[in-house]
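**Student:**
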Amino acid sequence: MTIDYRKDSELLKAMGHPVRLEILKRLKMNECCVNKLTDLIGVPQSTISQHLGRLRSAGILEPQKEGVKTCYRIIEPRVKMILRLLG
9 MTIDYRKDSE LLKAMGHPVR LEILKRLKMN ECCVNKLTDL IGVPQSTISQ HLGRLRSAGI
69 LEPQKEGVKT CYRIIEPRVK MILRLLG
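Whatever position you read off the sequence shown (first residue = 1), add 8 for our numbering.
1) Grab the span of the beta strand (DSSP E) containing Glu-70 for me, first residue to last.
2) With a threshold of 7 Å on Cβ separation, who are the neighbours of Ser-65 within its own chain once the five nearest residues in sequence on each side are excluded?
3) Could you pull the DSSP bridge partners for Thr-78 from this structure?
4) Does at least one heavy atom of the ligand HEM sit under 7 Å from the Cβ of Ile-90?
5) If you drop the 5 nearest sequence neighbours on each side, which residues of the same chain put their C-beta closer than 8 Å to that of Leu-32?
As structure tokens, this is what we get:
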């Protein structure tokens with residue numbers, strides 16, 4: 009496997025915030041909607057949305073509309089491996 013240090017660094021930077029790590033931990037097993045993430049993590053919806061936007065722009069998450077809800081799932085396989093290593 010070839011290492012792309014620039015791309016890997018950007019991936020780790022996107023993951024490198026406590027709220028984003030918790031979001032990813034919650035999404036590791038299955039997709040989740042913004043409102044549920046807000047309830048589970050206990051931060052304002054606007055904060056969750058900002059962090060989801062950062063993860064989405066890094067290519068880590070994919071949104072899916074379900075009526076008026078937007079749910080997210082992890083699409084970057086290396087993220088799940090990293091989360092497993094973190095425990």
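Each residue gets a CB set at the ideal place from its N, CA and C atoms; glycine is no exception.
Values in this document were obtained by computation on a predicted structure and should not be read as measured data.
**Tutor:** Judging by the given coordinates:
1) 69–74
2) none
3) Lys-73
4) Looking for the ligand HEM in the displayed structure turns up nothing, as the structure carries no ligands at all.
5) Met-23, Leu-63, Ile-68, Ile-82, Val-87, Leu-91
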